[in-house]
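Enquirer: Residue numbers (the UniProt record's numbering), protein chains in the order written: chain Y, 1 to 147; chain V, 1 to 147.
Backbone N, C-alpha and C define an ideal beta-carbon position, used for all residues, glycine too.
Okay, here's the structure, questions in a sec.
2 protein chains.
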Amino acid sequence: MDHECYMRQALELARQAMAEGEVPVGCVIVRDGVVVGQGRNRRETGYTALGHAEIEAIHQACQTLGGWRLAGCSLYVTLEPCPMCAGAIINARIPALYYGAKDDKAGCCGSVLNLFEERFNHHPRIYSGILGQECAQLLQNFFLNLR
Amino acid sequence: MDHECYMRQALELARQAMAEGEVPVGCVIVRDGVVVGQGRNRRETGYTALGHAEIEAIHQACQTLGGWRLAGCSLYVTLEPCPMCAGAIINARIPALYYGAKDDKAGCCGSVLNLFEERFNHHPRIYSGILGQECAQLLQNFFLNLR
């Protein structure tokens, strides 16, 4: 199944983040079957509050496609987006969002609130739970090892 | 008044954005009286959905200060932040936000919603209307000239 294939790529990026001591989150953006952007969490190693996987992937996809509007793109991310990343998805007009695990603390696809149901000028389709258990397990392992 | 002095610097950055054909929004971040980050809108010229003034300023401030946590910083921006930028302000733990004009279409300090009153793990102090008329006038002039 294509969606799982792309989420596996996002999971691989999440594992790379974990190998560097970062919270394991990964993201890929796909258009017409081609990966046009990818990213992983690098908040600590990149010294920046913007270092979320989705932000890196969206910026890369914009550069690849030559503009801020990511029409026809699907974003795959292992964790439910935070407000910053949900806002970036709106700003980039990404039509479809697939995520793995829920984020009770910061998730903006329904966990804390649903930014995509608010009165903004773009409303992507949202699909949750793609390889959800695997995505959640990776995060749980990371936080268990921290203790 | 210090707040107006910093907002004037943000307004100057907004004017620079306008000179390049961008929606005029500017931002500075200050710690202990020193500007540690600045940015202006460059969504079109930078080919990126992330090209908002606040995002550029926050990234620069993180690089200047050597980490993702912008403790002790104040952010000055000419326009009420959108969800992405409000989320970035939360992620960077910026304690104080000063903005100029309201944004009825995307503003997240009360216009569309107030992200800072939601159940996230950081709640900055918000001050609105700093040189508000001047900030709003600049935007109005830009959009009038577009027609």
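(1) To the nearest angstrom, report how far apart E56 (chain Y) and R40 (chain Y) are at their CA atoms.
(2) Tell me whether E117 (chain Y) is buried or exposed, calling it buried when 16 or more other Cβ atoms sit within 10 Å of its Cβ.
(3) By Cβ distance, which residues of its chain are closer than 7 Å to S111 (chain Y), with the 5 residues on each side in sequence left out?
(4) Please list, in chain order, all residues of the same chain as C135 (chain Y) whose beta carbon is under 7 Å from its beta carbon, the five residues on each side excluded.
(5) For G37 (chain Y), is the classification buried or exposed, using 16 other Cβ atoms within 10 angstroms of its Cβ as the cut-off for buried?
(6) So which of V:N141, V:H59 and V:A86 has the shortest CA-CA distance to F120 (chain V)?
(7) Whole-angstrom Cβ separation of I126 (chain V) and C109 (chain V), contact assumed at under 8 Å?
(8) For G67 (chain V) and A53 (chain Y), what's the separation of their Cα atoms in angstroms?
(9) Return the residues of the region 97–130 of chain Y that lie within a Cβ-Cβ distance of less than 9 Å from chain V, sorted by chain order.
(10) Go to T64 (chain V), then tell me how far its alpha helix (DSSP H) extends in each direction, as first and last residue.
(11) Whose C-beta lies closer than 6 Å to the C-beta of Q9 (chain V) among residues of the same chain, with five residues either side of it excluded?
(12) Pop quiz: C73 (chain Y) and P95 (chain Y) are said to be a contact at Cβ under 8 Å. What is the actual Cβ separation, rounded to whole angstroms?
(13) Going by the beta-carbon positions, is the gap between N114 (chain Y) and M84 (chain V) smaller than 7 Å?
(14) Given T45 (chain V), which residues of its chain have a CB within under 6 Å of its CB, disregarding the five upstream and five downstream residues?
(15) Going by DSSP, which residues form a beta bridge with G132 (chain Y)?
(16) What number of angstroms, rounded off, separates the C-alpha of V30 (chain V) from the C-alpha of L139 (chain V)?
(17) Name the two residues that bound the continuous alpha helix (DSSP H) containing R8 (chain Y).
(18) Excluding five sequence neighbours on each side, which residues of the same chain lie with their C-beta closer than 7 Å to the C-beta of L65 (chain V)?
(19) Going straight from the alpha carbon of A14 (chain Y) to that of R43 (chain Y), what length do you get?
(20) Just tell me which of V:C82, V:A49 and V:D32 has its CA closest to the CA of Y6 (chain V).
(21) Can you find the residues in the same chain that come closer than 6 Å, C-beta to C-beta, to A49 (chain Y), ignoring five residues on each side of it along the sequence?
(22) Give me the subset of the region 59–86 of chain V whose CB atoms are less than 8 Å from a CB atom of chain Y, sorted by chain position.
(23) Quick one: residues in its chain with C-beta nearer than 6 Å to the C-beta of I58 (chain Y), no 5 flanking neighbours on either side, listed in chain order?
(24) Should M1 (chain V) go down as buried or exposed, given a rule of 16 or more other Cβ atoms within 10 Å for buried?
(25) Could you pull the DSSP bridge partners for L97 (chain V) from this structure?
(26) Rounded to a whole number of angstroms, what is the C-alpha to C-alpha distance between Q137 (chain Y) and L131 (chain Y)?
(27) Taking buried to mean at least 16 other C-beta atoms within 10 Å of its own C-beta, is L146 (chain Y) buried or exposed?
(28) How would you call Q60 (chain Y), buried or exposed, if buried means at least 16 neighbouring beta carbons within 10 angstroms?
Expert: The short version:
(1) 7 Å
(2) Exposed is the call here.
(3) E80, K102, D103 and D104
(4) L11, T78, L79, G100 and A101
(5) buried
(6) V:A86
(7) 5 Å
(8) Approximately 17 Å, taken between the alpha carbons.
(9) Per Cβ criterion, the list reads K105, A106, C108, V112, L113, L115, E118, R119, F120 and N121.
(10) A53 to L65
(11) The answer, listed in chain order, is V28.
(12) 7 Å
(13) no
(14) E20
(15) In DSSP, G132 (chain Y) forms no bridge with anything.
(16) 24 Å
(17) Where R8 (chain Y) is concerned, the enclosing alpha helix (DSSP H) stretches over D2 to A19.
(18) V36
(19) So the two alpha carbons sit approximately 13 Å from each other.
(20) Nearest option by C-alpha distance: V:D32.
(21) none
(22) Within the region 59–86 of chain V, the residues whose Cβ lies closer than 8 Å to some Cβ of chain Y are H59, C62, Q63, G66, G67, W68, R69, L70, C82, P83, M84, C85 and A86, listed in chain order.
(23) Cβ within range, chain order: A88 and A92.
(24) The residue is exposed, with fewer than 16 neighbouring Cβ atoms inside 10 Å.
(25) V:L75 and V:I126
(26) The alpha-carbon of Q137 (chain Y) is positioned some 10 Å away from that of L131 (chain Y).
(27) exposed
(28) buried
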